[in-house]
Amino acid sequence: MTLRPDLAAIAAHVAPGSRVLDIGCGDGALMAELESRSGCDARGMELDGALVERCVSRGLSVVQGDANLDLANYPDKAFDYAILSQTLQTATRPDLMLDELLRVGRRAFVSFPNFAHWRTRAALLLGGRMPVTRALPVSWYETENIHHVTVEDFRDLARMKGAKVERAWFFSNEKQIGAPAANWRAEFAVFELSR
Amino acid sequence: MNSAPPLSPVYKVPHPLPLDSGQVLEGCEIAYETYGTLAADKGNAVLVCHALTGDQYLASPHPITGKPGWWERMVGPSKPIDTNKHFVICANVIGSCMGSSGPASLAPDGQPYAMRFPVITIRDMVRGLVALLDGLGIDRLHAVVGGSMGGMQALSLAANWPERAARVLVIASTARHSAQNIAFHEVGRQAIMADPAWNEGDYYATDAKPDNGLAVARMAAHITYLSEAGLTEKFGRRLQDREAKGFNFDAEFQVESYLRYQGTGFTRRFDANSYLYITRAMDYFDIAEEHGGKLADAFAGTQARFCIVSFDTDWLYPTSESRHVVHALNAAGAKVSFVELSAPHGHDSFLLEHDQLDRVVKGFIE
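Protein chains in written order, with my numbering: chain A, 3 to 197; chain B, 8 to 373.
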């Protein structure tokens, strides 16, 4: 099974044998990869009960829960890595969630769609309407993305929170691209943070 | 019924069983059923714990009612708990009345214990189960599984004998009995004790049993096992076998007739004193209290994997109680899964057809 590019980047950089919490783990694709390929102890959290059932049915340890509320129950530094893939922009308070990630995990991986990608900018600038693009395919009235964020916004937030960017990866059209002008060119970004 | 039919094998615990009350149970007997074959390394054993009025007839016909085993849809060859792979054990809990030591059993003086039977707890029931596992030579279960009171036993085993089970599956259950839970049980107990035939529990030698009180207890409890929507769907306000209201106190409504049927049917297979003892054990249940007041401490250092399942319409042991357990397990660093399943039938959903539950159980147990 091929992983989504942001998940593949994360999977490739999680140290083998780590304890990992995958927040918003979906159908558990990343967790399964981390357990089978890297010998990790992976735990997941997912809001959607149908997805949780699929995870549990395939033998993964996933808790149905709301990351906005339920991260509070985990002890400090319970995990080597806390992973939040394409969920930050749906959080009630992304800044507080980032705090929680860096509290429960020694390191955090965060991936998100970059709202400053040129297609998004063009759609808003030229079309005058909230962008519906390849990376953001859902209309404003039904999207779960309530806190759109750009690569530079995220760097600012990390700095404000005293988090160190260990590494970053950028993707366009499902392929990894270089860091230069990433805020224009990247559809998705993955950051590895520590504090 | 004074004594259960001697159909199940009975394990005689070879030592006095210490109880939470400080008393001991001498000559304790545990009736049990098994399904499948125990592997040579004894590593494929799954213990299924039964609910309040359940018994060891998990996947084989009940000797009194003749009905299929209470979880036959879940346990058997190629079923989610697959007896082709696993050796499945189900034992009647102590305090009950299907062959294990309980108030209807004979005390050393040759007379039924009745109310002389020591008051027991969920942990005492599990002590009995652990003694049985010792007798069967099973050091570590592949899994312990239970719904409702069975889930309480599974949690108690995990908290008090953490090395005895590799997987712990808890369905529609709780780590503590709430005030509301205790309140409903007290209604049931008072119904039994208000029946003149109860006679302070001393009725085994007579023909008159406190069946009326026990039936009322069952009727009240049965309501808590169902959802309001489920009752409405099944019965609504429909009248029973009549076109118009009769202006009397017969079972006018279908729901009344149904509850009466459930109540009387129950008295044919259950002992009223056992109902008192087991509901009391459930009311005493609070795992956190047993471990210094903090639930997470009960599971500190556990190596077992846990799976907690709740149902959205279960108001007896609602999802919030399952979440409470999950949060404690997270805090303890335990490997835990949790899912709230959608089902229309309230607490009883765990016994009924549910494909998602089947997949979760199968995925977790394998």
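Note that CB positions come from ideal geometry on N, CA and C, so glycine has one too. The structure presented is a predicted model; accordingly, all values stated were derived computationally and were not measured.
Under a 10 Å Cβ-count criterion, proline 25 of chain B is classified as exposed, with fewer than 16 other Cβ atoms of the shown protein chains found around its own Cβ. Residues of the segment 307-326 of chain B with a C-beta less than 7 Å from any C-beta of chain A: Arg312, Cys314, listed in chain order. Under the 10 Å beta carbon count, arginine 109 of chain A is surrounded by 16 or more other beta carbons and is classified as buried. Assignment of asparagine 91 of chain B by DSSP, reduced to helix, strand and coil, places it in the coil class. Rounded to whole angstroms, the gap between the alpha carbons of tryptophan 142 of chain A and glycine 129 of chain A is 14 Å. Annotated as distal: alanine 165 of chain B and leucine 136 of chain B, with beta-carbon spacing of 8 Å or more. In its chain, beyond the 5 residues on either side, Asp290 have a beta carbon closer than 8 Å to the beta carbon of isoleucine 189 of chain B. Counting the other Cβ atoms within 10 Å of the Cβ of alanine 46 of chain B gives fewer than 16, which makes it exposed. Neighbours of valine 346 of chain B in chain A, taken as residues at a C-beta separation under 7 Å, are given in chain order as Gly51, Val54, Glu55, Val58, Gln66. When DSSP states are grouped into helix, strand and coil, glutamine 261 of chain B belongs to the helix group.
Within the segment 155-215 of chain B, the complete beta strand (DSSP E) segments of 3 residues or longer fall at 174-178, listed in chain order. Per the DSSP secondary-structure output, tryptophan 171 of chain A pairs in a beta bridge with A:Val192. By the C-beta criterion, the segment 257-271 of chain B is judged not to be in contact with the segment 173-191 of chain B, since fewer than 3 inter-stretch pairs fall below 8 Å. Counting along the chain, the unbroken alpha helix (DSSP H) around cysteine 57 of chain A starts and ends at 51-59. Below the 8 Å Cβ cutoff, chain A contributes Asp72, Asn75 as neighbours of histidine 334 of chain B, in chain order. The Cβ of arginine 45 of chain A sits closer than 8 Å to at least one Cβ of chain B. Phenylalanine 190 of chain A sits away from alanine 124 of chain A, with the two beta carbons spaced by 8 Å or more.
From the beta-carbon of glycine 370 of chain B, the residues of chain A found nearer than 8 Å are Val58, Ser59, Arg60, Gly61. Between aspartate 72 of chain A and methionine 33 of chain A, the C-beta spacing is not below 8 Å.
Each residue's CA atom was taken as its position, placing alanine 121 of chain B and alanine 52 of chain B some 34 Å apart.
In terms of CA proximity to alanine 11 of chain A, A:Leu86 leads the group A:Arg60, A:Leu86, A:Gln91. Of the candidates A:Thr4, A:Ala13, A:Glu194, the residue whose Cα lies closest to the Cα of leucine 100 of chain A is A:Glu194. Under the 8 Å Cβ criterion, the segment 241-257 of chain B does not count as touching the segment 97-112 of chain B, having fewer than three qualifying pairs.
Beta bridge pairing from DSSP links tyrosine 83 of chain A with A:Val22, A:Arg109. As the crow flies, the alpha-carbon of serine 20 of chain A is around 15 Å from that of serine 196 of chain A. Under the three-state reduction of DSSP output, phenylalanine 156 of chain A falls in the helix class.
Residues of chain A with a Cβ closer than 9 Å to the Cβ of alanine 338 of chain B are, in chain order, Asn75, Tyr76, Pro77, Ala80. Annotated three-state conformation of glutamine 66 of chain A is strand, per DSSP.
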